[in-house]
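Student: Counting from 3, one number per residue, gives the positions in the sequence shown under UniProt numbering. Every residue gets a Cβ at the ideal spot worked out from N, C-alpha and C, and that includes glycine.
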Amino acid sequence: QDSQPAFRRILLKLSGEALMGQQSYGVDPDVLAQVAEEVSELSRMGVEVGIVIGGGNIFRGAGLAQGGMDRVTGDHMGMLATVINALALQDAIERAGRFSRVMSAIRINQVCEDYIRRRAVRHLEKGRIVVFAAGTGNPFFTTDSAASLRAIEINADIMIKATKVDGVYDADPMTTKDARRYERLTFDDALEQRLGVMDTTALVMCRDNGLPIRVMNMFAKGDLQRLVMGEAVGTLVEG
Ligand code: UDP
């Protein structure tokens with residue numbers, strides 16, 4: 003039995019919606035504290051942790067555009083929403099006892115650092131948990147795409163997508179009774195079958211750059227740590 007973590011550096015994608023917990027809006031302080039505790043534990047184990055946080059609990063550009071708003075403006079609002087979540091997460095991580103830095107793809111200098119790749123890597127090497135905010139900084143992208151981009155840029159060993167379900171299913175497990183979970187999938191399977199693991203842009207980025215993804219349930223306590231220790235938690239998307 004090897005007690006060393008299986009990964010040196012990880013990129014964790016957290017959706018904004020997940021931070022909402024049972025609330026209908028904003029951030030649930032209990033969920034935030036639990037997530038912060040779990041990622042801080044990984045950091046204590048010596049794993050370098052980068053996090054891309056979504057903003058869907060506050061604003062989504064596509065949703066705002068449906069209501070008639072200009073899409074680019076809506077996406078700007080969505081990206082700013084991710085900055086709000088990132089600040090909340092940074093605060094929670096520091097209360098959990100680890101150092102953290104928010105780095106934004108959009109310059110908001112008084113509030114957080116700008117994203118500069120080399121500086122981000124330096125923070126990681128020093129054991130700071132880096133929260134990447136404002137997605138890619140461009141409209142028409144998602145934070146899933148931002149997660150694949152940052153993961154590849156910082157040379158992460160794996161991208162972990164933490165969601166509300168414990169992996170990828172052949173049908174929606176919330177609505178289909180005998181939906182089955184995949185242990186493993188190829189990128190092409192995920193793309194062809196439109197399994198909704200991640201958007202196409204993110205999947206293609208990961209496929210073309212050989213970055214494996216694990217999809218897991220962020221509310222299953224201890225699963226994140228087991229995954230990082232090398233256990234087959236959730237669904238692996240690779241190859
Ligand atoms: N967004 C964007 N460019 C990016 C990342 C995000 O314009 O690179 C905007 C987009 O409007 C998106 C919103 O930010 O709807 C929030 O991100 P996302 O929907 O990915 O959040 P999640 O679903 O993970 O909570």
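1. I'd like the ranges of any alpha helix (DSSP H) spanning at least 4 consecutive residues and lying wholly in the stretch 92–144.
2. Label Ser5 either buried or exposed according to how many other C-beta atoms from any shown protein chain fall within 10 Å of its C-beta, with 16 as the threshold for buried.
3. With 16 as the cutoff for other CB atoms within 10 Å, does Asp225 come out buried or exposed?
4. Quick one, are the C-beta atoms of Asn87 and Val29 less than 8 Å apart?
5. Leaving aside the five residues before and after residue 247 along the sequence, list all residues of the same chain whose C-beta is less than 7 Å from its C-beta, in chain order.
6. Could you pull the start and end residues of the beta strand (DSSP E) that Leu238 belongs to?
7. Quick check: does the Cβ of Ala204 come within less than 7 Å of any heavy atom belonging to the ligand UDP?
8. So, at 8 Å on beta carbons, what are the nonlocal neighbours of Glu115 in its own chain, with the 5 sequence-adjacent residues on each side left out?
9. Can Met81 be considered in contact with the ligand UDP, in the sense that its beta carbon sits closer than 7 Å to one or more heavy atoms?
10. Less than 7 Å between C-beta atoms, sequence neighbours within five positions excluded: which residues of the same chain meet that for Arg228?
11. Could you tell me whether the Cβ atoms of Ala148 and Met161 are closer together than 8 Å?
12. Note down, in chain order, each residue of its chain lying with its Cβ closer than 8 Å to the Cβ of residue 296, except the 5 sequence neighbours on either side.
13. May I ask you to verify whether the stretch 133–141 touches the stretch 193–202, counting CB pairs closer than 8 Å and requiring at least 3?
14. By a C-beta neighbour count over all protein chains shown, 10 Å radius and 16 as the cutoff for buried, is Gln92 buried or exposed?
15. Comparing C-alpha positions only, which one of Arg11, Asp191 and Ile154 sits nearest to Cys208?
16. Quick check on the DSSP output: the alpha helix (DSSP H) that includes Thr178 runs from which residue to which?
17. Beta carbon of Ser147: closer than 7 Å to some heavy atom of the ligand UDP?
18. What's the gap between the Cα of Arg136 and the Cα of Glu185?
19. Which residues does DSSP pair with Ile154 in a beta bridge?
20. Name the DSSP bridge partner or partners of Glu50?
21. Kindly examine the ligand UDP and report whether one of its heavy atoms sits closer than 7 Å to the Cβ of Thr237.
22. At a cut-off of 7 Å, is Ser150 close to the ligand UDP when judged by its beta-carbon and the heavy atoms of the ligand?
23. What residue from Val113, Arg124, Met81 and Ile60 has the CA that sits closest to Arg11's CA?
24. How close, in whole Å, do the beta carbons of Gly52 and Leu126 come, if the pair is a contact with beta carbons under 8 Å?
25. With DSSP as the reference, label Arg73 as helix, strand or coil.
Tutor: Put simply:
1. 119–127
2. exposed
3. Residue burial is scored here from C-beta neighbours: Asp225 has at least 16 other C-beta atoms within 10 angstroms and is therefore classed as buried.
4. yes
5. For residue 247 there is no data in the structure shown, the boundaries of the chain being 3 and 241.
6. Thr237 to Glu240
7. no
8. Arg103, Val104, Met105, Ser106 and Arg121
9. Taking the Cβ of Met81 as the reference point, at least one heavy atom of the ligand UDP falls within a distance shorter than 7 Å.
10. Val235
11. Taking a C-beta distance under 8 Å as the contact criterion, Ala148 and Met161 do not qualify as a contact pair.
12. The displayed coordinates of the chain run from 3 to 241. Any statement about residue 296 would go beyond what the structure contains.
13. no
14. buried
15. Comparing Cα positions, the closest option is Ile154.
16. Unbroken run through Thr178: none, as it is neither H nor E.
17. yes
18. A small correction: the amino acid at residue 136 is Ala; Arg does not occupy that position in the sequence shown. Answer to the nearest angstrom: the Cα atoms are 32 Å apart.
19. None, per the DSSP bridge assignment.
20. DSSP, once it has assigned bridges, lists Arg11 as partnering Glu50.
21. no
22. Exclusion of Ser150 from the 7 Å shell around the ligand UDP follows from its C-beta lying no nearer than that to any non-hydrogen atom of the ligand.
23. Minimum Cα distance to Arg11 is reached at Arg124.
24. 6 Å
25. When secondary structure is reduced to three states using DSSP, Arg73 falls in the helix class.
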